[in-house]
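See structure below.
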Amino acid sequence: MSREPSPPLSGDMSAGPIAESWCYTQVKVVKFSYMWTINNFSFCREEMGEVLKSSTFSSSPSDKMKWCLRVNPKGLDDESKDYLSLYLLLVSCPKSEVRAKFKFSLLNAKREETKAMESQRAYRFVQGKDWGFKKFIRRDFLLDEANGLLPDDKLTLFCEVSVVQDSVNISGHTNTNTLKVPECRLAEDLARSPVFNAMFEHEMEESKKNRVEINDVDPEVFKEMMRFIYTGKAPNLDKMADNLLAAADKYALERLKVMCEEALCSNLSVENVADTLVLADLHSAEQLKAQAIDFINSQATDIMETSGWKSMIQSHPHLVAEAFRALASAQCPQFAVPRKRLKQS
125 MSREPSPPLS GDMSAGPIAE SWCYTQVKVV KFSYMWTINN FSFCREEMGE
175 VLKSSTFSSS PSDKMKWCLR VNPKGLDDES KDYLSLYLLL VSCPKSEVRA
225 KFKFSLLNAK REETKAMESQ RAYRFVQGKD WGFKKFIRRD FLLDEANGLL
275 PDDKLTLFCE VSVVQDSVNI SGHTNTNTLK VPECRLAEDL ARSPVFNAMF
325 EHEMEESKKN RVEINDVDPE VFKEMMRFIY TGKAPNLDKM ADNLLAAADK
375 YALERLKVMC EEALCSNLSV ENVADTLVLA DLHSAEQLKA QAIDFINSQA
425 TDIMETSGWK SMIQSHPHLV AEAFRALASA QCPQFAVPRK RLKQS
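This is the structure we're talking about:
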């Protein structure tokens with residue numbers, strides 16, 4: 125699925141329209157192409173209305189939706205008898221219908237696309253239905269060697285298909301809080317996260333319900349996460365680094381997670397280091413965890429008197445053990461390897 129970068133975020137995200145609930149819709153489009161070469165085209169003896177069909181094709185080997193191209197070398201009917209008619213046919217489909225756009229072109233002697241025609245909208249296809257152009261190209265123009273459209277008497281047709289798949293909604297509710305609805309196409313930006321992308325691309329429970337609900341992130345934290353996705357910056361990070369770290373870990377935003385770790389490292393104190401160590405362990409923030417343990421080693425006596433440390437003893441005893449191991453390792457004197465005594469003669 126191709127994606128274009130979203131336009132830059134303008135202004136303050138706290139300004140503008142606000143809403144208690146929100147939704148972003150991702151319409152998935154699968155694009156693929158097909159090339160069909162017809163040798164000895166000038167010898168085609170099909171009369172008006174008679175047809176040539178290509179082999180079937182699809183977006184991938186596992187795709188059960190099959191297509192083919194259909195050509196009327198001498199036109200479909202009296203109105204188009206001086207033209208080549210070209211159509212895209214849906215051969216088989218597991219769904220009752222599908223919508224698709226298409227583009228046809230010819231490849232000239234230089235393998236360049238020429239005489240392109242494309243649908244102006246996504247047409248509704250059902251199995252056995254075709255759409256295309258009754259007057260795709262005049263036969264006399266096509267057969268004129270000077271135009272170079274039949275090198276070695278080969279007609280090469282190129283077809284690009286864009287199939288509209290099911291849309292996916294990302295929605296959330298902010299209860300009594302308010303959250304601005306951004307103007308940019310957030311769904312495409314969200315898909316940069318492997319977690320969001322999996323929600324869009326795979327047959328998860330959220331996809332089956334045709335919606336993805338995000339109700340487990342505080343609205344202000346979510347807003348800051350969205351700001352980061354848009355701009356690569358999180359100006360309010362210091363105020364919510366702990367909660368933002370949890371959100372970044374949950375949605376696999378690795379760069380934001382590193383930024384949160386760095387912010388928390390720079391704000392370690394005797395009072396907060398135990399809670400920070402628990403947070404780091406919970407979200408596999410290894411850099412933050414190592415810094416917290418080093419800080420504990422440097423001020424162990426004071427830290428062990430805090431309520432955070434006492435709480436950690438009860439709730440996360442394995443972290444206390446890790447901190448003590450690190451402390452013991454740091455204080456253990458380094459001994460040289462004893463020399464081997466020489467044998468007395």
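Count along the sequence shown starting at 1, add 124, and that's the number in the working numbering.
Beta carbons: idealized from backbone N, C-alpha and C, even for Gly.
DSSP three-state call for residue i: helix, strand or coil?
i    : result
M159 : strand
M436 : helix
M409 : According to the sequence displayed, residue 409 carries Ala and not Met. Of the three classes helix, strand and coil, the one that applies to A409 here is coil, per DSSP.
S453 : helix
K347 : helix
K198 : coil
K357 : coil
E269 : helix
Can you check DSSP and say which residues form a bridge with residue i?
i    : result
E237 : L231
Y207 : R262
L443 : Its beta-bridge partners do not exist; DSSP assigns none.
E378 : The partner list for E378 (beta bridge, DSSP) is empty, contrary to what the question assumes.
Q244 : None; Q244 has no bridge partner.
F249 : V222
E385 : Paired residue(s): none; E385 is not in a bridge.
G256 : Y211
F181 : W191
Are residue i and residue j close, meaning C-beta to C-beta below 8 Å?
i    : j    : result
F282 : S209 : no
M349 : L368 : yes
V288 : R194 : no
L214 : V175 : no
Y207 : W255 : no
S186 : E284 : no
N518 : D277 : Given that the chain is displayed from residue 125 to residue 469, the structure contains no residue 518 and the question cannot be resolved.
L273 : L230 : yes
A445 : I420 : no
V397 : L443 : no
A246 : K219 : no
M241 : F265 : no
Taking all protein chains shown into account, do 16 or more other C-beta atoms lie within 10 angstroms of the C-beta of residue i, making it buried, or fewer, making it exposed?
i    : result
M328 : Confidence at M328 is low in this model, with a pLDDT of 49, below 50, so the placement of that residue should be treated as unreliable; the coordinate-derived value is given next. So M328 counts as exposed.
M436 : buried
S317 : buried
R235 : exposed
D201 : exposed
R471 : Because the chain is modelled from 125 through 469, residue 471 falls outside the range shown and cannot be assessed.
T280 : buried
M189 : buried
M364 : buried
L380 : buried
E385 : buried
A370 : buried
V151 : exposed
D426 : exposed
How big is the Cα-Cα spacing for residue i and residue j?
i    : j    : result
A450 : S390 : 20 Å
S291 : C147 : 12 Å
S422 : D366 : 23 Å
E410 : A416 : 10 Å
A414 : S145 : 39 Å
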